[in-house]
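Protein chains in written order, with our numbering: chain C, 382 to 634; chain F, 1094 to 1430. Built from N, CA and C at the ideal position, the CB exists for glycine as well. Worksheet for the structure shown next.
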């Protein structure tokens, strides 16, 4: 790996009308690792996420996936190259059933989505696979339920299922346990621990206990810059981090 | 109770035939009954209405379905669809007059011209959403209107294109009654095409894009290209309607390109029910019939009545006539369960 990483950022910068949300971030996500991004609100975590996934064009710097430059590619092409993401605020298709969500994700790499002259029944070729994914995240019973009718925790599980359905090289999860009760948090952590095998995961997370249980490497951001990077225990003990962020969160934990 | 259990263990197709519960969940036979009823009405229509009115309804039905493809199934309000309806009307008229081709070929040429025009307009418009999308489409439609108005050598300006022939291998189609049946297969093909688009893998992606474009992109779907594709398809369908309209009236005036024509198409869809497809057909029937009846009875302010009905429907039946009716029907089936 030689410090290169499967997904890496080099001097990544993003300006919003003079406000620098992400300021020269260097990041190397090692293949097969779970890499957590933490930091106080406004540290630039979500902006960094949007840069890595092509939802925002960077104003400076480079992004590489497996050694290939993907800087400035639009979101759908970044997704095609193997970076799947979930959203901080649940982002689903309200009227589609959970199974239809996963089928849409499974269909994406094929050209089937363009066939306006064919029957939608063709998408049934993805049904078995979709049901497997739903089984994995514990939604098998709810395959026919429209997303808008799901409870919050189940929606988050569906987010994970459709990201996994893309069979990504890198899975980016934006606060997967945000707004969850303790029980759902535990369930989600177990789920991520289960699906991370053989995958690379980048995680934005506020809940430090979740980070502690999942992350191999933690990058602490503050005001758009990398403050500290290292293994969880080491980062947690770092005084700068305690001052900037961990104090409050640790008390809760 | 037994029927519920039974139909669940059976494949959907057979279950629908055997159990009430299955019918309540997916009234398959009800769909076929509706289809048969719709075809029966289509076949009967020129016997119950003035054939010329029936022909207009067919043309507007295609136009409305084209607009609904964008508005209801992609979430894009085009306020400039007269451009495609009208350009196809002119191209159809010119091809029929100057080349003397059978009218279906002329209409096909018109619809293709509309689709070609939809490509650059769509390319620029789909980069915007909401009211900005509507404004871009309106602006281009106005541009097309002024070009047609100025380009008198081709369009005859305000005089309009006169004498568009109803040529079909020498058949006498001057009677609107027979002409109705001559265009019905084309219209049904167009409507079936729209139905197929909505119920295709492509249509499924469109609904996803409509409901959550960011999520669709995160799944790897190029949202702009999908929107452009459906915009061109919609332009083609609107053109099909406009071309038939030109042949049926044997005349093309600037009105086909006027912004009020775009507005009327939107009203027809909203009245019938956005995102229902067949609501557009129903809306076309109601609006065209009503306008004809009002003008025939010498009523001057037609817009006042259609506008009033529009306001009532928008305020009381947000889903439009078809949408409200199908919601009620579904609830009724649900209660019977």
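Identity of the residues DSSP links to residue 1224 of chain F by a beta bridge: Taking the second chain and counting its residues from 1, one reaches residue 1224 of chain F at position 131. Looking at the DSSP assignment, residue 1224 of chain F forms no beta bridge with any residue, so it has no partner.
Residue burial classification, residue 502 of chain C (beta-carbon count within 10 angstroms, cutoff 16): For the purposes of this step, residue 502 of chain C is taken as residue 121 along the first chain, with counting starting at 1. Classification of residue 502 of chain C: exposed, given that the 10 Å Cβ count is below 16.
Which of helix, strand or coil DSSP assigns to residue 1181 of chain F: Residue numbering aside, residue 1181 of chain F sits at position 88 when the second chain is read from its first letter. Assignment of residue 1181 of chain F by DSSP, reduced to helix, strand and coil, places it in the helix class.
Interface partners of residue 486 of chain C on chain F, CB under 7 Å: Locating residue 486 of chain C in the first chain gives position 105, counting from the first residue. Within 7 Å Cβ-Cβ: 1312.
Cβ of residue 1171 of chain F within 8 Å of any chain C Cβ: If you number the second chain from 1, residue 1171 of chain F lands on position 78. With 8 Å as the cut-off, residue 1171 of chain F does not count as an interface residue toward chain C.
Interface partners of residue 1293 of chain F on chain C, CB under 7 Å: Taking the second chain and counting its residues from 1, the one referred to as residue 1293 of chain F is at position 200. Near residue 1293 of chain F (Cβ distances below 7 Å), the residues of chain C are 496, 497, 498, 499, 500 and 501.
Contact residues within the segment 459-478 of chain C, judged by C-beta distance below 8 Å to chain F: Answer set for the segment 459-478 of chain C: 460, 461, 465, 466, 468, 472, 473, 474, 475, 476 and 477.
Min CB distance residue 1304 of chain F to chain C below 8 Å: Mapped onto the second chain, residue 1304 of chain F falls at position 211. Against chain C, the CB of residue 1304 of chain F has a partner CB under 8 Å away; the residue lies at that interface.
Pair within 8 Å by beta-carbon distance, residue 413 of chain C and residue 581 of chain C: Indexing the first chain from 1 puts residue 413 of chain C at position 32. Indexing the first chain from 1 puts residue 581 of chain C at position 200. Yes, the pair counts as a contact, with Cβ atoms nearer than the cut-off.
The beta strand (DSSP E) enclosing residue 400 of chain C, as first and last residue numbers: Taking the first residue of the first chain as position 1, residue 400 of chain C is located at position 19. Start and end: 400-410.
Residue span of the beta strand (DSSP E) that contains residue 1367 of chain F, given as start and end: Position 274 of the second chain, counted from the first residue, corresponds to residue 1367 of chain F. Looking at the DSSP string, residue 1367 of chain F is not in any beta strand (DSSP E), and its letter there is neither H nor E.
Between the CA atoms of residue 1360 of chain F and residue 1403 of chain F - distance to the nearest angstrom: As a working mapping, residue 1403 of chain F is identified with position 310 in the second chain. As a working mapping, residue 1360 of chain F is identified with position 267 in the second chain. Roughly 7 Å between the two C-alpha positions.
Range of the contiguous alpha helix (DSSP H) that encloses residue 548 of chain C: On the first chain, position 167 is the one that residue 548 of chain C refers to. Premise fails: residue 548 of chain C is in no alpha helix (DSSP H) and is neither H nor E.
Beta-carbon proximity of residue 1282 of chain F to residue 1166 of chain F, cut-off 8 Å: Along the second chain, one-based indexing puts residue 1282 of chain F at 189. Along the second chain, one-based indexing puts residue 1166 of chain F at 73. A distance of 8 Å or more separates the beta carbons of residue 1282 of chain F and residue 1166 of chain F.
Host beta strand (DSSP E) of residue 636 of chain C (start-end): Look at the range of chain C in this structure, 382 to 634, and you will see that residue 636 of chain C is not part of it.
Residue interval of the beta strand (DSSP E) (run including residue 445 of chain C): On the first chain, position 64 is the one that residue 445 of chain C refers to. Per DSSP, residue 445 of chain C belongs to the beta strand (DSSP E) from 441-446.
Close-in-space but distant-in-sequence residues of the same chain around residue 1457 of chain F (CB under 7 Å, 5 per side omitted): Past the edges of chain F, shown from 1094 to 1430, lies residue 1457 of chain F, and the structure says nothing about it.
heavy atom of the ligand FMN below 7 Å from residue 467 of chain C C-beta: Looking at this structure, you won't find the ligand FMN or any other ligand, since it has none at all.
Pairwise C-alpha distance: residue 1135 of chain F and residue 1195 of chain F: In the second chain, residue 1195 of chain F corresponds to position 102, counting from 1. In the second chain, residue 1135 of chain F corresponds to position 42, counting from 1. Answer to the nearest angstrom: the Cα atoms are 23 Å apart.
Per DSSP, cross-strand counterpart(s) of residue 610 of chain C: The residue given as residue 610 of chain C occupies position 229 in the first chain. Partner(s): C:600.
Residues near residue 1171 of chain F by beta carbon distance below 6 Å, same chain, minus five either side: Locating residue 1171 of chain F in the second chain gives position 78, where the first residue counts as 1. Answer for residue 1171 of chain F: 1163 and 1230, listed in chain order.
Alpha carbon of residue 574 of chain C to alpha carbon of residue 426 of chain C, nearest angstrom: By 1-based counting over the first chain, the position of residue 574 of chain C is 193. By 1-based counting over the first chain, the position of residue 426 of chain C is 45. Cα-Cα distance, rounded: 22 Å.
C-alpha gap between residue 1280 of chain F and residue 1210 of chain F, whole angstroms: Within the second chain, residue 1280 of chain F is the residue found at index 187, counting from 1. Within the second chain, residue 1210 of chain F is the residue found at index 117, counting from 1. Here the alpha carbon of residue 1280 of chain F sits roughly 21 Å from the alpha carbon of residue 1210 of chain F.
Where residue 1354 of chain F sits in the DSSP three-state scheme: As a working mapping, residue 1354 of chain F is identified with position 261 in the second chain. Residue 1354 of chain F: helix per DSSP, three-state reduction.
Chain-ordered neighbours of residue 1297 of chain F on chain C, where CB pairs are closer than 9 Å: On the second chain, residue 1297 of chain F is found 204 positions in, with the first residue counted as 1. Within chain C, the residues near residue 1297 of chain F are 477, 481, 484, 485, 488, 494, 501 and 504.
Buried or exposed by the 16-neighbour rule on C-beta atoms within 10 Å, applied to residue 588 of chain C: Position 207 of the first chain, counted from the start, is the residue given in the question as residue 588 of chain C. Under the 10 Å beta carbon count, residue 588 of chain C is surrounded by 16 or more other beta carbons and is classified as buried.
Cβ distance (whole Å) where residue 1215 of chain F is taken to contact residue 1321 of chain F below 8 Å: Counted from its first residue, the second chain places residue 1215 of chain F at position 122. Counted from its first residue, the second chain places residue 1321 of chain F at position 228. The Cβ separation is near 5 Å, so the contact holds.
Proximity to residue 536 of chain C [Cα-Cα], best of C:477, C:410 and C:460: For this step, residue 536 of chain C is matched to residue 155 along the first chain. The shortest C-alpha to C-alpha distance from residue 536 of chain C to any of C:477, C:410 and C:460 is the one to C:477.
Distance between residue 1294 of chain F and residue 496 of chain C (C-alpha atoms, nearest Å): Position 115 of the first chain, counted from the first residue, corresponds to residue 496 of chain C. Position 201 of the second chain, counted from the first residue, corresponds to residue 1294 of chain F. Going from the Cα of residue 496 of chain C to the Cα of residue 1294 of chain F covers about 6 Å.
CB contact flag (residue 1410 of chain F, residue 1417 of chain F, <8 Å): Your numbering for residue 1410 of chain F matches position 317 in the second chain. Your numbering for residue 1417 of chain F matches position 324 in the second chain. In contact: residue 1410 of chain F and residue 1417 of chain F (Cβ atoms closer than 8 Å).
Sub-8 Å separation of residue 519 of chain C and residue 538 of chain C beta-carbons: For the purposes of this step, residue 519 of chain C is taken as residue 138 along the first chain, with counting starting at 1. For the purposes of this step, residue 538 of chain C is taken as residue 157 along the first chain, with counting starting at 1. Less than 8 Å separates the beta-carbon of residue 519 of chain C from that of residue 538 of chain C.
Residues in the segment 542-553 of chain C having any Cβ partner in chain F nearer than 9 Å: Those would be 543, 544, 546 and 547, in chain order.
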